[in-house]
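Each residue of the sequence shown is one higher than the one before, starting from 1457 at the first, in this note's numbering.
Think of the CB as a built atom: it goes at the ideal place given N, C-alpha and C, for glycine as much as any other residue.
This report refers to the structure that appears directly beneath it.
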Amino acid sequence: MTLIADRVAFITGGANGIGLGIARSLARAGARLALVDLDAEALDRARAELGAIFTAVLDVRDRDAYARVADAAEAELGPVSILVNNAGVAGGAPTEKLTYELWDWGMGINLDGVINGVQTFLPRIAARDAGGHIVNTASGAGLVAGPGNTLYCTAKFAVVGMSEALYLELAPRKIGVTVLCPGPVATGIIDRTRSSQPKVTRAMSSEQRGKAFAQNEVMRNYLANGTPPDAVGDMVRDAIANDRLYVHTDRLAFDKIRERAQAQIDAMPAAV
Ligand SMILES: NC(=O)c1ccc[n+]([C@@H]2O[C@H](COP(=O)([O-])OP(=O)(O)OC[C@H]3O[C@@H](n4cnc5c(N)ncnc54)[C@H](O)[C@@H]3O)[C@@H](O)[C@H]2O)c1
1457 MTLIADRVAF
1467 ITGGANGIGL
1477 GIARSLARAG
1487 ARLALVDLDA
1497 EALDRARAEL
1507 GAIFTAVLDV
1517 RDRDAYARVA
1527 DAAEAELGPV
1537 SILVNNAGVA
1547 GGAPTEKLTY
1557 ELWDWGMGIN
1567 LDGVINGVQT
1577 FLPRIAARDA
1587 GGHIVNTASG
1597 AGLVAGPGNT
1607 LYCTAKFAVV
1617 GMSEALYLEL
1627 APRKIGVTVL
1637 CPGPVATGII
1647 DRTRSSQPKV
1657 TRAMSSEQRG
1667 KAFAQNEVMR
1677 NYLANGTPPD
1687 AVGDMVRDAI
1697 ANDRLYVHTD
1707 RLAFDKIRER
1717 AQAQIDAMPA
1727 AV
């Protein structure tokens, strides 16, 4: 059981979508909030809605800035004991069209951003020896792969692996770990990603460009019918309170997760 009331929660990507949903839910449970994000206007809106919270513009890839913002948040609110590594982007390209710039951008935000959060805050939380909780937002795409999603899956599978290892390591220290593996959630991630993704892929044919555009439209509609972000926030709050490792927002990946587990088992040498 992790207490939430009166604890300080630091949420990356907290100004929009799932991060804001988590912020709202933790605020209702009595947490004090530090929200960081690249989107300054959305941070202003969150502050207007949620009242006396700490906010800062932070790119989670920037390690020095991360440490400075962590210091500032703790100076204002007190020690952070709930860390929510949630900032992320969708995007990517067919694998043979990916450039190093795109790899660095996607892995930088979706994986290094999580690593930077853990590197910044875990030593502080552990040194205080008063427990705490780390939430990492991965994805259903961190549990089962889909075609055309190599960059995203590479980062999100790593976030799941990291979270499972942390969960085992930190349990004796009373630091809980939750990995959020959402299915579709109704946020603006597709458009936000489109405006921030570097415009560099290896030259695509007009047919490939058309396919990518159509896929974006399909994804936008798919997410629009997904779980509301505030409902996801409540699921995360309950997982923190009850020290649960996994959060799934729906059952859409059920068959694929079972098929993957079965494929692993089937690939093992026969029992002797
Ligand atoms: N929406 C979905 O269907 C879905 C499904 C599975 C996983 N996820 C994951 O959930 C997380 C949140 O996504 P969302 O749907 O709420 O998206 P969103 O775009 O609504 O919110 C993401 C927030 O992260 C911020 N951000 C992006 N890059 C950043 C950076 N470098 N530094 C700091 N902040 C940055 C954005 O400004 C935005 O406010 C992401 O990690 C995403 O991969 C989303």
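Of the residues the options, the one placed nearest residue i, counting alpha carbons only
| i | options | result |
| --- | --- | --- |
| T1471 | A1496, G1547 and A1528 | One point to set straight first is that residue 1471 is Ala, not Thr, in the sequence displayed. Out of A1496, G1547 and A1528, A1496 has the C-alpha closest to the C-alpha of A1471. |
| A1642 | N1672, F1613 and A1680 | A1680 |
| Q1720 | R1693, Y1702, L1599 and S1619 | L1599 |
| E1673 | I1696, I1645 and P1685 | I1645 |
| R1484 | D1694, R1700, G1544 and D1699 | D1694 |
| V1688 | A1461, P1579, I1474 and I1460 | I1474 |
| A1697 | G1666, A1726 and L1482 | L1482 |
| G1469 | Y1608, D1527, A1709 and L1499 | L1499 |
| L1708 | R1519, A1597, I1460 and F1466 | A1597 |
| D1699 | A1512, I1467 and K1630 | K1630 |
| P1684 | L1624, A1670 and T1705 | T1705 |
| Y1556 | A1526, P1654 and D1690 | P1654 |
| R1463 | A1529, A1523 and V1728 | A1529 |
| A1549 | D1686, L1701, G1666 and P1725 | G1666 |
| D1527 | E1625, M1618 and V1492 | V1492 |
| V1661 | G1682, A1723, K1553 and R1584 | According to the sequence provided, residue 1661 is Ser. The question's Val does not apply to it. It is K1553 whose Cα lies nearest to the Cα of S1661. |
| V1525 | E1620, A1490 and A1502 | A1490 |
| L1701 | E1620, L1494 and V1728 | E1620 |
Ligand 1 heavy atom lying under 8 Å from the CB of residue i
| i | result |
| --- | --- |
| A1471 | yes |
| V1492 | yes |
| D1495 | yes |
| D1515 | yes |
| G1604 | no |
| S1595 | yes |
| N1566 | yes |
| I1460 | no |
| G1544 | yes |
| S1652 | yes |
| R1584 | no |
| V1635 | no |
| I1645 | yes |
| P1684 | no |
| L1679 | yes |
| G1689 | no |
| G1548 | no |
| A1709 | no |
| K1612 | yes |
| T1576 | no |
| T1555 | no |
| T1649 | yes |
| G1639 | yes |
| A1498 | yes |
| G1475 | yes |
| T1551 | no |
| T1468 | yes |
* Asked: So, do the stretch 1535–1554 and the stretch 1478–1488 have three or more beta carbon pairs nearer to each other than 8 Å?
  -> yes
* To do: Please list the segments of the beta strand (DSSP E) lying wholly inside the stretch 1516–1567, counting only runs of 3 or more residues, in order along the chain.
  => 1536–1541, all fully within the stretch 1516–1567.
* Quick one: which unbroken alpha helix (DSSP H) runs of 4-plus residues sit fully inside the stretch 1627–1672? Chain order, please. => 1645–1652
* **Three CB pairs or more closer than 8 Å across the stretch 1709–1727 and the stretch 1640–1655** => No, the stretch 1709–1727 is not in contact with the stretch 1640–1655.
* Should the stretch 1589–1598 be regarded as contacting the stretch 1626–1637, the criterion being three or more beta carbon pairs within less than 8 Å? -> yes
* **At least 3 beta-carbon pairs within less than 8 Å: the stretch 1495–1512 vs the stretch 1557–1572** => no
* Asked: Quick one: any contact between the stretch 1572–1588 and the stretch 1602–1609, if contact means 3 or more CB pairs under 8 Å?
  -> Not touching, per the Cβ criterion.
* Asked: Can you find at least 3 beta carbon pairs, one from the stretch 1554–1561 and one from the stretch 1606–1615, that sit closer than 8 Å?
  -> yes
* Scan the stretch 1665–1713 and note each continuous alpha helix (DSSP H) run of 4 residues or more that stays entirely inside, going in chain order. => 1685–1697
* **Runs of beta strand (DSSP E) wholly within the stretch 1574–1636 (minimum 3 residues, chain order)** => 1588–1593
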